[in-house]
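Just remember that the numbering used here sits 38 ahead of the position in the sequence shown, which is counted from 1.
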Amino acid sequence: MSPFISVNLSRITLVAVNGWTARFVNVSFANKRFEGSTFYRDQFESCQLIGTEFQENNWKDCVISGSQVDYANFSSSKINRCRFDDASFKEVYFRYLKLVGGLKTSGCNFEGASFVGTKLKGVDLSQSEFGYLEVNPDDLKGLIINQFQAASLIGLLGVKIK
């Protein structure tokens with residue numbers, strides 16, 4: 039696995055990146071575009087991924103940890119056996135994802151993230167945080183959450199709490 043540590047990528051353009059199998063540590067990809075790319079066994083540790091475009095990408099066996107991913111867009115991507123740990127995904131678009139083999143999260147913040155059109159069966163957000171998610175009620179089936187998170191989603195099912 040090729041390590042990229044504290045690399046300055048501010049002046050490059052990345053189009054249809056495929057098959058890096060790399061470890062990125064403290065690298066900024068903020069506001070970069072990776073549309074139509076493939077990530078296989080890549081690790082993003084303490085990276086800046088704020089506002090990054092990951093639309094229509096393929097992700098397999100990847101890890102994002104300790105990174106800022108707020109406002110990124112993963113829409114219409116395929117995610118296969120990936121893990122997100124201790125990272126911020128505030129207001130990220132995860133719209134119309136195809137989830138295969140599960141998505142594991144722990145210690146992440148998904149406040150305001152949009153999962154519209156993404157079937158969340160088998161996704162475990164119970165060890166992560168959110169007060170609000172944008173999601174279709176039909177896509178919630180099989181989502182794993184904790185009792186505190188349930189209060190923020192129950193209104194989508196037409197239930198009122200007194």
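We put the CB at the ideal spot given by N, CA and C, even for glycine.
Being a predicted model, the structure only gives us computed values, none of them experimental.
Let me know the beta strand (DSSP E) ranges lying completely inside the stretch 115-152, each 3 residues or longer, listed in chain order.
-> 116-123, 136-144
Could you tell me whether the Cβ atoms of Gln86 and Ser103 are closer together than 9 angstroms?
-> no
Spell out the partners DSSP gives Ser166 in its beta bridges.
-> Beta-bridge partners assigned by DSSP to Ser166: none are found.
Pairwise C-alpha distance: Phe122 and Lys157 = 18 angstroms
Under 9 angstroms between C-beta atoms of Ser144 and Ser166 | yes
Check whether the Cβ atoms of Trp97 and Phe77 lie closer than 9 angstroms to each other.
-> yes
What residues in its chain sit with their C-beta under 8 angstroms from that of Asp177, if we drop five residues either side in the sequence?
-> Phe153, Val154, Gly155, Thr156, Lys157, Leu158
Assigned secondary structure, Gln187 (DSSP; H/G/I helix, E/B strand, else coil) = helix
Determine the DSSP secondary structure at Glu102, reduced to helix, strand or coil.
-> Looking at the sequence itself, residue 102 is Ile, so the reference to Glu does not match. Ile102 falls in the strand class under three-state DSSP.
What did DSSP end up calling Ile199 once you bin it into helix, strand or coil?
-> coil
Val138 versus Leu181 - alpha carbon distance | If you take the alpha carbons of Val138 and Leu181, they lie about 14 angstroms apart.
Can Leu141 be considered in contact with the ligand ATP, in the sense that its beta carbon sits closer than 8 angstroms to one or more heavy atoms?
-> The ligand ATP is not part of this structure, which contains no ligands at all.
So who's on the other strand from Thr90, going by DSSP bridges?
-> Looking at the DSSP assignment, Thr90 forms no beta bridge with any residue, so it has no partner.
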